[in-house]
Amino acid sequence: MNIHGVNVTVPHKSSVISCLDEISPLAQLIGAVNTIKNMRGRLIGTNTDVSGFIRSLETLNFSPKHKSIALLGAGGSARAVLAGLADAGASCIFIHNRTVGRAESLVTEFSQKFPDTQLKSVSVKTILETPLDLLVNTTTVGMETDSSPLDLSQCRKIKHLADLIYSPPQTRLLKQAEELGIPAINGMGMLLYQGCDAFTFWTGQPAPETVMQEQLLNLV
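Numbering (the UniProt record's numbering), first residue to last: 1 to 220.
(1) Applying the 10 Å Cβ sphere with the 16-neighbour rule, what's the burial state of ILE3?
(2) Locate the beta strand (DSSP E) running through ASN7, then write down its first and last residues.
(3) For GLY84, does the three-state DSSP call read helix, strand or coil?
(4) Identify which residue in GLU104, LEU150, LEU219 and ASN186 has its Cα closest to the Cα of ASP163.
(5) With DSSP collapsed to three states, give me the class of GLU144.
(6) In angstroms, rounded to a whole number, what distance separates the CA positions of LEU85 and ILE54?
(7) Tell me which residue opens and which closes the alpha helix (DSSP H) that GLU217 is part of.
(8) Is there contact here, the segment 34-44 with the segment 4-11, by at least three beta-carbon pairs under 8 Å?
(9) Helix, strand or coil: which one does DSSP assign to VAL50?
(10) Can you tell which of LYS157, LEU132 and ARG40 has the C-alpha that lies nearest to the C-alpha of MET1?
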């Protein structure tokens, strides 16, 4: 196979694991791979979404430690975000997914891996009624159409918001956050920083972050 490495995006982050020869302990823990390296014909998978997302929160001056957080979605990106937030010390994480069983499965699985963080599968009603330090949209709602996974005006209190979508750079959810004065970020930072960590995974060298950021802004 004439490649050195590749990034994997939705909806293949979990299903691609069966195609790999080896995955890192972190990817094993999360159950999702977003970065693959070709080592002399062996495909090795890892996950750089975790570090990429946590680092992107620095833009909001936000630390997950002892915070109440809600996730929208239960796919591969949600798994990485959940692991990162729990590992960073979040006290409680609510998960809402359109298919309730997927959220419940995620709660059961990750409660065993992160016993110090309270995890709950919840309804939209609970999200709306619960004061949250951070709301994270890990779904693709708003990527292809001008739609939103949630009406922020109906929420009791949201202090910060992160939408993992980066194209378009401002989704309807982010526009509403701006209108309501909620500090918010899109997925550009996560995309950049996971890419920087992927570069290092592929090459063993520090990533040229400034150059990568400039090129990313030109492309997206």
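Even for Gly, the Cβ is constructed at its ideal location relative to N, Cα and C.
On a predicted model such as this, the values are computed, not experimentally measured, just so you know.
Taking the coordinates as given:
(1) ILE3 is exposed by the Cβ-count criterion.
(2) Counting along the chain, the beta strand (DSSP E) containing ASN7 begins and ends at 5-7.
(3) Three-state result, GLY84: helix.
(4) The residue from GLU104, LEU150, LEU219 and ASN186 with its alpha-carbon nearest to that of ASP163 is ASN186.
(5) Three-state result, GLU144: coil.
(6) Those two C-alpha atoms are separated by around 7 Å.
(7) For the sequence presented, residue 217 should be read as Leu rather than Glu. DSSP places LEU217 inside the alpha helix (DSSP H), whose first and last residues are 209-219.
(8) As far as the Cβ criterion goes, the segment 34-44 touches the segment 4-11, which means the pair count is three or higher.
(9) Correct three-state label for VAL50: helix.
(10) Nearest option by C-alpha distance: ARG40.
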